[in-house]
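S.K.: Numbering (my numbering), first residue to last: 972 to 1199.
All C-beta atoms in this analysis are idealised placements derived from N, C-alpha and C, irrespective of residue type, glycine included.
As the structure is a prediction and not an experimental result, all values here were calculated from the model.
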Amino acid sequence: MNPGDYAFTGFTAAALDFLRAVREHNSKEWYDAHRGDYQNLVLAPMQALVADLVPAMLAVDPAFEIRPAVGKTISRLHRDTRFSRDKSLYRDAIWCSFKRPRPDWSAFPAFYFELSASGYRYGMGYYAAPRATMDALRRRIDAAPRQFAKVSNFLGHPDGFILCGDLYKRPLSNPHPPALQTWYQRKSFYLMRESPPDKRLFSAALVACLQADFASIGPFYRYLQALK
């Protein structure tokens, strides 16, 4: 498809201004007065982006939740503050995610794209991988280190994804080389690329960028999805 074929035409500077203003005026009164801005500047473009990504994401995993709706693939702006020290009513960022719909979704890999006033980031990984999942990954690395090195060889490319996530303070003993240690020693992890606002963010070219980058780590996603 060509950029002109996408429903998504880009986010706008006004959308970033709105997210910045949410942080500065975090109140129900302000939000109620600017609800239309949220719908038109932030939510509608995100819905269009999700819709345009659907074919590529289904090629990665046909079981993904794909409905371009809040609470399905799109985050809520309103925060649940009941169990949080941060009592801000509204988030100053919005994101979409592609994951299998299941109650324990946070324990499984997912793709994401996040927009804030400072720019955008996207990638794939775990929200909070349980110890059992990471132990399963380590067992698979132990059993077939060359296979893991091959499926994860996208890491380290210039301007590519970076690996994020907390490391154990006391390293886990294993015989693997440094390139595998960066994975082996994680409590959980996610892949990320980030950028300040650029021309791509404000155009339909963002769709093709996300499609290509998500497809490039599709084999690694399927490797993680198969962990037992």
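Count the other CB atoms, across all protein chains shown, that sit within 10 Å of the CB of residue 1023; report buried if there are 16 or more and exposed otherwise.
M.R.: Position 52 of the sequence shown, counted from the start, is the residue given in the question as residue 1023. Counting Cβ neighbours within 10 Å, residue 1023 comes out buried, since at least 16 surround it.
S.K.: Using the C-alpha atoms, what's the distance from residue 1165 back to residue 1131?
M.R.: Looking up residue 1131 in the sequence shown gives position 160. Looking up residue 1165 in the sequence shown gives position 194. Computed Cα separation, rounded: 10 Å.
S.K.: In the DSSP assignment, the alpha helix (DSSP H) including residue 1000 goes from what residue to what residue?
M.R.: Residue mapping note: residue 1000 aligns to position 29 of the sequence shown, counting from 1. Residues 999-1004.
S.K.: Out of curiosity, what's the CA-to-CA distance linking residue 1008 and residue 1069?
M.R.: In the sequence shown, the residue the question calls residue 1008 occupies position 37. In the sequence shown, the residue the question calls residue 1069 occupies position 98. Using only the alpha carbons, I get a separation of about 25 Å.
S.K.: If you run the structure through DSSP and keep just helix, strand and coil, what is residue 1037?
M.R.: Numbered from 1 along the sequence shown, position 66 holds the residue referred to as residue 1037. Residue state, collapsed to three classes: coil.
S.K.: Please list the terminal residues of the continuous alpha helix (DSSP H) segment that includes residue 1064.
M.R.: To locate residue 1064, count along the sequence shown from 1; it is residue 93. Element bounds for residue 1064: not the alpha helix (DSSP H) but the beta strand (DSSP E), 1064-1069.
S.K.: Confirm, please, whether the CB-CB distance from residue 1163 to residue 1062 is below 8 Å.
M.R.: The count along the sequence shown starts at 1 and reaches residue 1062 at position 91. The count along the sequence shown starts at 1 and reaches residue 1163 at position 192. Contact: no.
S.K.: What's the gap between the Cα of residue 1123 and the Cα of residue 1026?
M.R.: In the sequence shown, the residue the question calls residue 1123 occupies position 152. In the sequence shown, the residue the question calls residue 1026 occupies position 55. The alpha-carbon atoms of residue 1123 and residue 1026 are separated by roughly 24 Å.
S.K.: Within the same chain, show all residues whose beta-carbon is closer than 7 Å to that of residue 1172, passing over the 5 residues directly before and after it, in chain order.
M.R.: For the purposes of this step, residue 1172 is taken as the residue at position 201 of the sequence shown. Cβ neighbours of residue 1172 beyond the five flanking positions: 981, 982, 1091.
S.K.: Roughly how many angstroms lie between the CA atoms of residue 1286 and residue 1001, to the nearest whole one?
M.R.: Residue 1286 is absent from the structure shown; the chain starts at 972 and stops at 1199.
S.K.: Determine contact between the segment 1150-1160 and the segment 1095-1106, defined as no fewer than three beta-carbon pairs at a distance below 8 Å.
M.R.: With a cut-off of 8 Å, the segment 1095-1106 and the segment 1150-1160 count as touching, because enough Cβ pairs lie within range.
S.K.: If we count Cβ pairs, one from each stretch, closer than 8 Å, do we get three or more for the segment 1107-1120 versus the segment 1070-1080?
M.R.: These segments do not touch.
S.K.: I'd like to know whether the C-beta atoms of residue 992 and residue 1013 end up nearer to each other than 8 Å.
M.R.: Position 21 of the sequence shown, counted from the first residue, corresponds to residue 992. Position 42 of the sequence shown, counted from the first residue, corresponds to residue 1013. No, the Cβ-Cβ distance between residue 992 and residue 1013 is not below 8 Å.
S.K.: Residue 1162 by DSSP, collapsed to three states: which one?
M.R.: Counting from 1 along the sequence shown, the entry for residue 1162 is found at position 191. In the structure shown, residue 1162 sits in a strand (DSSP, three-state: E or B).
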